[in-house]
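What follows is a set of notes on a single structure, which appears directly below.
Numbering (our numbering), first residue to last: 2 to 153.
Laid out in structure tokens, this is it:
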């Protein structure tokens, strides 16, 4: 455990391990296709920019596209909160913008943002629902997609 982990015992700890492993192998491992090992076939993915996606065949291409556009993506888990079947991870994500992201061509520059991801993990250790809260305003301001009034 690291950061400020708040966890109940037993199966909740196993669910935390699944969420951490998912981030490590899929994002930090730069392997979006590997998400198929972690989601149920009928999983629901709630993403602010992509809307709500249902089914692994809808989810994986979004993850692959994100990972492909952001070379060397690495999410560092800062905090964990878990209760029953829900696991929340607060992360700092760093990457290099090397592919088209949200319609913006690659800049080659570094990007960093905060993210909170909440996972609903079933008894079999599969993600059946995820909410992804990424600071896309920070990302877009760093790749030239928007000029934020408070950005220098």
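A virtual CB, placed ideally from N, CA and C, is assigned to each residue, including glycine.
Which residues in the same chain have their Cβ closer than 7 Å to the Cβ of residue i, if we skip the five residues on either side of it in sequence?
i: residue 40; result: 57, 60, 127, 128
i: residue 15; result: 126
i: residue 137; result: 49, 50
i: residue 74; result: 28, 31, 68, 94, 96
Closer than 8 Å by C-beta to residue i: which residues in its own chain qualify, once you throw out the five before and the five after it? Chain order, please.
i: residue 144; result: 98, 102, 105, 108, 110, 112
So is residue i buried or exposed if we call it buried at 16+ other beta carbons inside 10 Å?
i: residue 33; result: buried
i: residue 42; result: exposed
If you compare alpha carbons, which of the options is closest to residue i?
i: residue 12; options: 85, 115, 119; result: 85
i: residue 131; options: 75, 46, 36; result: 46
i: residue 72; options: 54, 94, 52, 80; result: 94
i: residue 76; options: 137, 27, 19; result: 27
i: residue 87; options: 100, 136, 117; result: 117
i: residue 18; options: 69, 123, 44; result: 123
Considering only residues of the same chain and omitting the five flanking positions on each side of residue i, which have a CB-CB separation below 6 Å?
i: residue 7; result: Because residue 7 carries a pLDDT of 47, less than 50, the predicted location of this residue cannot be relied on, and the following value inherits that uncertainty. Excluding positions up to five away in sequence, the list reads 82.
Mapping the DSSP letters down to three states, classify residue i as helix, strand or coil.
i: residue 127; result: coil
In the stretch 64-144, which residue ranges form an unbroken beta strand (DSSP E) of at least 3 residues, counting only runs that do not cross its ends?
71-84, 87-98, 111-122, 128-135
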